[in-house]
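Quick notes on the structure that follows.
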Amino acid sequence: MSIYDTLNEQQREAVFHTEGPLLILAGAGSGKTRVLTHRIAYLMEEKGVNPWNIFAITFTNKAAGEMRERVDKLVSFGSESVWVSTFHSACVRILRRHIDRLGYENNFTIYDGDDQKTLMKAICKKLNIDTKAYKETALLSAISSAKDQMLTPDAYEEQAEGNYGKKNIARVYREYESQLRGSNALDFDDLLLKTVQLFETQPDVLEYYQERFRYIMVDEYQDTNTVQFRFISLLAARYQNLCVVGDDDQSIYKFRGANIRNILNFEEEFQDARVIKLEQNYRSTGNILDAANAVIRNNRGRKDKTLWTDNGEGERILYRQFYNAYEEAEFIAEDIQSQVRQGMLYQDSAVLYRTNAQSRLFEEKFVASNIPYKIVGGINFYARREIKDLLAYLKTIDNGRDDLAVRRIINVPKRGIGLTTINRVQESADARGIGFYGALQGTDLIPNIGRAAAKLDSFVALIEYFKSRADQESISELMEEILEMTAYIETLEAEDEEGAEARIQNIDELLSKIVSYEEACEEAGEKPGLSGFLEEVALVADIDSLDENQDYVVLMTLHSAKGLEFPHVYLAGLEDGLFPSSMSTDNPEDLEEERRLCYVGITRAQKRLTVSCASQRMIRGEIRFNPVSRFLKEIPSELVETEKKLFEKEQRSAPAPSAKEQARRAFHQQPFQSSSIAKGAKQFAVTKEKGLDYTVGDRVSHVKFGQGTVKVITEGGRDYEVTVEFDTAGVRKMFAGFAKLKKL
DNA sequence: AGAGTGCAGCAACTT
DNA sequence: GCTGCACTCT
Numbered sequence: 001m002s003i004y005d006t007l008n009e010q011q012r013e014a015v016f017h018t019e020g021p022l023l024i025l026a027g028a029g030s031g032k033t034r035v036l037t038h039r040i041a042y043l044m045e046e047k048g049v050n051p052w053n054i055f056a057i058t059f060t061n062k063a064a065g066e067m068r069e070r071v072d073k074l075v076s077f078g079s080e081s082v083w084v085s086t087f088h089s090a091c092v093r094i095l096r097r098h099i100d101r102l103g104y105e106n107n108f109t110i111y112d113g114d115d116q117k118t119l120m121k122a123i124c125k126k127l128n129i130d131t132k133a134y135k136e137t138a139l140l141s142a143i144s145s146a147k148d149q150m151l152t153p154d155a156y157e158e159q160a161e162g163n164y165g166k167k168n169i170a171r172v173y174r175e176y177e178s179q180l181r182g183s184n185a186l187d188f189d190d191l192l193l194k195t196v197q198l199f200e201t202q203p204d205v206l207e208y209y210q211e212r213f214r215y216i217m218v219d220e221y222q223d224t225n226t227v228q229f230r231f232i233s234l235l236a237a238r239y240q241n242l243c244v245v246g247d248d249d250q251s252i253y254k255f256r257g258a259n260i261r262n263i264l265n266f267e268e269e270f271q272d273a274r275v276i277k278l279e280q281n282y283r284s285t286g287n288i289l290d291a292a293n294a295v296i297r298n299n300r301g302r303k304d305k306t307l308w309t310d311n312g313e314g315e316r317i318l319y320r321q322f323y324n325a326y327e328e329a330e331f332i333a334e335d336i337q338s339q340v341r342q343g344m345l346y347q348d349s350a351v352l353y354r355t356n357a358q359s360r361l362f363e364e365k366f367v368a369s370n371i372p373y374k375i376v377g378g379i380n381f382y383a384r385r386e387i388k389d390l391l392a393y394l395k396t397i398d399n400g401r402d403d404l405a406v407r408r409i410i411n412v413p414k415r416g417i418g419l420t421t422i423n424r425v426q427e428s429a430d431a432r433g434i435g436f437y438g439a440l441q442g443t444d445l446i447p448n449i450g451r452a453a454a455k456l457d458s459f460v461a462l463i464e465y466f467k468s469r470a471d472q473e474s475i476s477e478l479m480e481e482i483l484e485m486t487a488y489i490e491t492l493e494a495e496d497e498e499g500a501e502a503r504i505q506n507i508d509e510l511l512s513k514i515v516s517y518e519e520a521c522e523e524a525g526e527k528p529g530l531s532g533f534l535e536e537v538a539l540v541a542d543i544d545s546l547d548e549n550q551d552y553v554v555l556m557t558l559h560s561a562k563g564l565e566f567p568h569v570y571l572a573g574l575e576d577g578l579f580p581s582s583m584s585t586d587n588p589e590d591l592e593e594e595r596r597l598c599y600v601g602i603t604r605a606q607k608r609l610t611v612s613c614a615s616q617r618m619i620r621g622e623i624r625f626n627p628v629s630r631f632l633k634e635i636p637s638e639l640v641e642t643e644k645k646l647f648e649k650e651q652r653s654a655p656a657p658s659a660k661e662q663a664r665r666a667f668h669q670q671p672f673q674s675s676s677i678a679k680g681a682k683q684f685a686v687t688k689e690k691g692l693d694y695t696v697g698d699r700v701s702h703v704k705f706g707q708g709t710v711k712v713i714t715e716g717g718r719d720y721e722v723t724v725e726f727d728t729a730g731v732r733k734m735f736a737g738f739a740k741l742k743k744l
């Protein structure tokens, strides 16, 4: 009996086919992760391949972690040497080593979407671009797709010949590119593009990685874009051991450049590619699968396949139509509670929707009904103002050339440095062809700077002080020092009464994340560095923080739900105009993508699927009346249960949960944890201690400031604020949670 | 020169 | 329902 006996015939075939290109067309729930993990195990255990030579690319960090864990369970040793990572993290790792060959410094900064927007705004201003005619987001997406097509600004301009609009975009692209370079920064697209450029221009580097990665596996292949495909083709060119797993029916990232031709044309690109289809679904019931098949059948231009299951028919799909979205949310909240009374866990349910804005109503109802929940997506933790501010300090300290970061914090907290001054500094920097921070370092050279010079000088002195500290102390100590010296929290409290508490909680969470990063590094025997932390932060997706061991209902968009499964799925807001989105209904290709999205949603469900819509819904403060989604009508009516009675009956005759269920629930249940502002379940927090073990007058010691005497303790909302007179460092005010003072 | 305040316009999906 | 910008006040 071997670990491979549990696989079905096609799965086994895919696992055993190790040499040469292989395309696995894996329908939803057909066990593709099982195949990939077993394949890695097979390579290592049976083929004697060095795990060091195996590279598996996943879509999210979470998927990467899970894959490594599962491989670890299959093989006796060596799984930690397998490279499992996302495209972006893999590229960052490669670029950190070699990007100096392309004229960047190796401690480059990564710009996220917000940073890109800020930068684009400044560029439009500088180039006098009419943002009515060319919206920032449109310009950015044009640049993004240019980068995906691996077009340099020069190539783009050439291509734009005779097209006035495109010429303008080329101008913007060129400026955007030069500003990024000037700031020693890369955007997300650059991570891939620069890696490809590196491979194409540095044969020795390419050869090194080709030798290193002799066996390459790519998950979610249907969502790779052109530059990603180029990346893997280059790597696989030497040994041709490329195994890609995907499902053309689940391609939902066309807007991000996903090229469905990568999957449809794989056999042309890689001659002699073996194609294996996995069509047996192990996840869902027959009814759910039939519904999914019926919907996706309406798409043209797909690889033919039919999913089947021997799981049995299961329950019919429950369909409810509501008067408005409030009632929809209320029903789902009640239904979840009724399911829980019958023995289900909260974590067995997920609510999926088309747009993030829909989460709001669910959140309200869930809070009111005391349902623990976690919202994935929406405003990313790292996109919050206070977090971005503090990270900008770290970025400035780490890479002084990151102009965006410097400009963000130069007057945060307020230092009396206004727009006029900032513009003068920028002009002077531009005139002299140096960076913003560079200009700040010589204020006497800036014309008309006047009284502001002193303020700028003290800002520079502050940053330089932090820089000098950065080598000597840990990131968390540095962060604490930034908080103390800028009085960031105090300022926050002073200016923003309602929001302050949640923001401070977020800062606590950031500190916790820094500490756990440091711990993780030390465990791995690496030195935790500022660049490393900032990079990790730039590449985390919200979905990575989902925790299967916590009992909460998950709320997310259909896009985020890709690759996940839940016993019970609620598909909400099935209305034409919302889903499919009104922006896609006039274009058949876009509509097909929406349909695939619907297919992804349906196939997330294992046992029970509830679909719902509302007759009227508030969108942008306007009441909209949308017809029932066309996708709903594509589900054969015999699979659907529309009767209201079903729900009420179950609720009334709910049997008491079995002893086993009660035990299961007691084990999983955790106290309700969520606040409407600090969205989602908090993982860590520096919370107010039950009390402090020191009082006024006590002698205490601090990691950095040494010994001192406690002068004042005031009780803040979330923490104690302690004033200590240090023997050598003077009087300092600090939060007990951060300061970790020890009584002597 | 900077900071605070009121109003307009805008809002898919994401690494 | 929220963010950016113009306007006015200190």
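Heads up, the first sequence stops at 744 in the UniProt record's numbering, and the numbers go up one at a time, no gaps. A virtual CB, placed ideally from N, CA and C, is assigned to each residue, including glycine. Quantities reported herein were computed from a predicted structural model and do not represent experimental measurements.
Checking the sheet assignment: what are the DSSP bridge partners for residue i?
| i | result |
| --- | --- |
| Y164 | DSSP lists no partner for Y164. |
| L242 | I216 |
| M618 | I623 |
| G577 | S581 |
| E641 | L318 |
| E725 | T709, V731 |
| residue 745 | Shown here, the chain extends from 1 to 744; a query on residue 745 therefore has no answer. |
Look at the alpha carbon of residue i and the alpha carbon of residue j, and state the distance between them as a whole number of angstroms.
| i | j | result |
| --- | --- | --- |
| E641 | A520 | 50 Å |
| A725 | T709 | Looking at the sequence shown, residue 725 is not Ala but Glu. Each residue's alpha carbon lies about 5 Å from the other. |
| K305 | I602 | 17 Å |
| R432 | Y173 | 22 Å |
| G29 | D247 | 11 Å |
| residue 785 | S81 | Because residue 785 is not part of the residues shown, which for the chain are 1 to 744, the question remains open. |
| S545 | E69 | 16 Å |
| S584 | S183 | 37 Å |
| M618 | G378 | 18 Å |
| S359 | I410 | 35 Å |
| N287 | D310 | 11 Å |
| Y176 | L462 | 29 Å |
| residue 745 | E386 | With the chain represented from 1 up to 744, any question about residue 745 goes unanswered, as that position is not in the structure. |
| S349 | I514 | 32 Å |
What are the boundary residues of the alpha helix (DSSP H) that residue i is part of?
| i | result |
| --- | --- |
| I123 | 113-126 |
| K194 | 188-201 |
| S344 | The residue asked about is misnamed: residue 344 is Met in this sequence, not Ser. Element bounds for M344: n/a, residue is neither H nor E. |
| A494 | 488-495 |
| A431 | 419-432 |
| K73 | 61-74 |
| K374 | K374 -> not in any alpha helix (DSSP H); beta strand (DSSP E) instead, spanning 373-375. |
For residue i, collect the residues of the same chain with a Cβ closer than 8 Å to its Cβ; drop the 5 residues on either side in sequence, then sort them by chain order.
| i | result |
| --- | --- |
| V196 | M150, V227, R230, F231, L234 |
| Y599 | A28, D249, Q250, A292, V295, I296 |
If you reduce the DSSP assignment to three classes, tell me which class residue i lands in.
| i | result |
| --- | --- |
| H98 | helix |
| K135 | coil |
| E634 | coil |
| Y282 | coil |
| Q472 | coil |
| R297 | coil |
| T224 | coil |
| Y393 | helix |
| L307 | coil |
| N324 | strand |
| P588 | helix |
Beta strand (DSSP E) containing residue i: first to last residue?
| i | result |
| --- | --- |
| S349 | 349-353 |
| F55 | 54-58 |
| Q11 | Unbroken run through Q11 is the alpha helix (DSSP H), 9-16; no beta strand (DSSP E). |
| L555 | 553-557 |
| A26 | 22-26 |
Leaving out five residues on either side along the sequence, give the residues of the same chain with a beta carbon under 7 Å from the beta carbon of residue i.
| i | result |
| --- | --- |
| D148 | D189, N225, T226, V227, G257 |
Sorry if obvious, but does the Cβ on residue i come closer than 8 Å to a heavy atom of the ligand SAH?
| i | result |
| --- | --- |
| N299 | Looking for the ligand SAH in the displayed structure turns up nothing, as the structure carries no ligands at all. |
By Cβ distance below 6 Å, which residues in the same chain neighbour residue i in space, the five residues on each side in sequence not counted?
| i | result |
| --- | --- |
| F625 | Q616 |
| S144 | D189 |
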